[in-house]
Amino acid sequence: MTTVSTAVPAVTFSVSGLDVPDEADILAGRQADLGSAFGTALSANLKTPQGQLAVTDTAIIADKNDQLLAIVNNMNPDFSSGRFQDGFGRIYFIDRIAAVGTVVTATCSGAVGTVIPAQSYATDDNGYMYVSLAAGAIGSDGTVKIEFQNLTTGAIACPIGSLTNIYVAVSGWSSITNETAGVPGSDVEGRSAFEYRRRQSVARNAFNTTAAVRAAILEVDGVLDAYVIDNKEPTPVDKGSTNYTLLASSIYIGVYGGAATDIADAINKKLPPGTVMNGDTTGTVYDTENYDSPYPEYTYKWKTLDAVSVHIKVEYEENDSLPSDINSQIKTAVLNAFSGSDGGTRARCGARIYGSRYIGPIQALDTQNMNVLSVQISLDGTTWASALTIGIDQEPTLDDTNIITEAVSE
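Numbering-wise (the working numbering), the sequence shown opens with residue 20 and increments by one.
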């Protein structure tokens, strides 16, 4: 039986995973193989026919090795993508979320007591249609805040003051605007977002835990963010950077986006009975599975997160070699990082936002000439810090007008 041998280093498996040889070693191996076949006096010059054969073989082998690496890396949930990641999701009985539209908190004005129903329509300055996710009654100050969602999916910006047109009139409702930017929607759920939800969904098969409730809510169509925490103390306690007060022995659920009926249904599936709840939004679920009409009804309460404007200031070293539109590029990079569109972690409710999160994406705009000096964060555009924590009752938003770029000379 003929034994086939080669001087090309083999692919090996180790404790660190799949190890593949460098292309230089592959090339040297192929040259050695050709030398063995045609004689040691064979020229090693890569411009010769045998040299070109060695280079071509090296490219083919290296490409095969890269494909093997891609397959092996996709077997790790931390690095998987596409159909491989979908397979990991199926293990946890979750599917990739379809594309969703931008959600914005709108201030609706009009006659006191006017009820603006769910499924009310408004348009922004670019003609995009938005629909209200829940009903709201205009208060004594003549306004009410209601979440509206763009019917066109994707990361479509809704800048401050751009949602201004009532599309379908409601008696007593006179005007609409948005004091904060919208939270961008997304195309079909990306790799990092899906992996984040998969990690959170480890608890989805559990019941009666905050993690289980949050995992269920994050799966609701249109929900962009959620925060769940409980208070086990027999007295009220303050939580988070805004000192939001939780009732004694209660659970707090904060949600941004999604229809009220869907959110209530998700809570109903995971929350233990008789739980004291916090918040300003309610939803009712009817038990049609276990009873005949009239069906028992269960009302759940949660907090619709308050949209807050985040300000970001970028200082970089002045350099004439930077492109003329560098400030615009910086703003785009910051917006993409803030929303997680760059593949990283997006800004979320109750989380700490670090200025350092944005240095990498900005630096990548021009690795040769860009030198970021500092990135600072603020909630008021006056007091700046290298990091800040969003309250558990807040949803961070970012408008490009709130991104300051400064070129600093030596």
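Here a beta-carbon is modelled for each residue, glycine too, at the ideal position from N, C-alpha and C.
Keep in mind it's a predicted model, so treat the numbers as computed, not measured.
- The Cβ atoms of VAL74 and LEU53 do not sit closer than 8 Å to each other.
- DSSP, read as helix, strand or coil, puts PRO380 in helix.
- The three-state reading of DSSP puts SER358 in helix, counting H, G and I together.
- Note on geometry: alpha-carbon atoms of ILE80 and THR25 lie some 13 Å from one another.
- By alpha-carbon distance to ASN197, the top candidate from PHE213, LEU182 and GLY276 is LEU182.
- Per the DSSP secondary-structure output, CYS127 pairs in a beta bridge with VAL163 and ILE195.
- Per the Cβ contact rule, the stretch 326-343 is not in contact with the stretch 204-219 (fewer than 3 Cβ pairs under 8 Å).
- In this structure, DSSP gives LYS66 a state outside helix and strand, which the three-state scheme calls coil.
- Where LEU324 is concerned, there is no enclosing beta strand (DSSP E), because DSSP gives it neither an H nor an E.
- With contacts defined as CB atoms closer than 8 Å, LEU407 and GLN348 fail to qualify as a contacting pair.
- In the three-state reduction of the DSSP assignment, SER211 falls in the helix class.
- Per DSSP, GLU337 is not a residue of any beta strand (DSSP E), being assigned neither H nor E.
- For ALA352 against ILE381, the beta-carbon gap comes to about 5 Å, under 8 Å, which counts as contact.
- If you compare the alpha carbons of ASP284, ASN184 and VAL39 with that of ILE195, the shortest gap goes to ASN184.
- By the Cβ neighbour-count rule, ASP143 is buried, with 16 or more other Cβ atoms within 10 Å of its own.
- Under a 10 Å Cβ-count criterion, PRO415 is classified as buried, with 16 or more other Cβ atoms of the shown protein chains found around its own Cβ.
- Nearest neighbour of LYS164 by Cα position, chosen from ASN95, ALA137, ARG371 and ILE272, turns out to be ALA137.
- Fully contained in the stretch 47-108 are the following alpha helix (DSSP H) runs of length 4 or more, in chain order: 68-92.
- Setting aside the 5 residues that flank it on each side, LYS288 is surrounded in the same chain by ALA235, each with a C-beta closer than 7 Å to its C-beta; the list follows chain order.
- Per the Cβ contact rule, the stretch 146-155 is not in contact with the stretch 257-274 (fewer than 3 Cβ pairs under 8 Å).
- Segment contact: the stretch 297-304 against the stretch 315-323, three or more CB-CB distances shorter than 8 Å; contact assigned.
- For ASP143, the uninterrupted beta strand (DSSP E) segment begins and ends at 140-143.
- ILE179 is positioned such that its CB atom lies closer than 8 Å to that of THR199.
- One thing to note: SER268 has its Cβ within 8 Å of the Cβ of PRO253.
- Residue environment analysis places VAL247 among the buried positions, since at least 16 neighbouring C-beta atoms fall within 10 angstroms of its C-beta.
- Where THR402 is concerned, there is no enclosing alpha helix (DSSP H), because DSSP gives it neither an H nor an E.
- SER393 has GLU334 as its beta-bridge partners, per DSSP.
- The beta carbon of ARG49 lies closer than 7 Å to those of VAL27, ALA73, ASP76 and THR77 in the same chain, with the five residues before and after it left out.
- By DSSP's assignment, ASP244 forms a beta bridge with TYR275.
- Residue state for SER375 is assigned as helix, using DSSP reduced to three classes.
- Assignment of beta-bridge partners to PRO415 by DSSP yields VAL327.
- ARG367 places its beta carbon 8 Å or farther from that of ASP284.
- Here DSSP, grouped into helix, strand and coil, assigns GLU429 to coil.
- Close CB contacts of GLY359 within its chain, under the 7 Å cut and outside five residues either way in sequence, are with SER211, ALA212 and ARG365 (chain order).
- In this structure, DSSP gives GLN348 a helical state, which the three-state scheme calls helix.
- Taking CYS127 as reference, the option from LEU324, SER193 and LEU354 with the minimal CA-CA separation is SER193.
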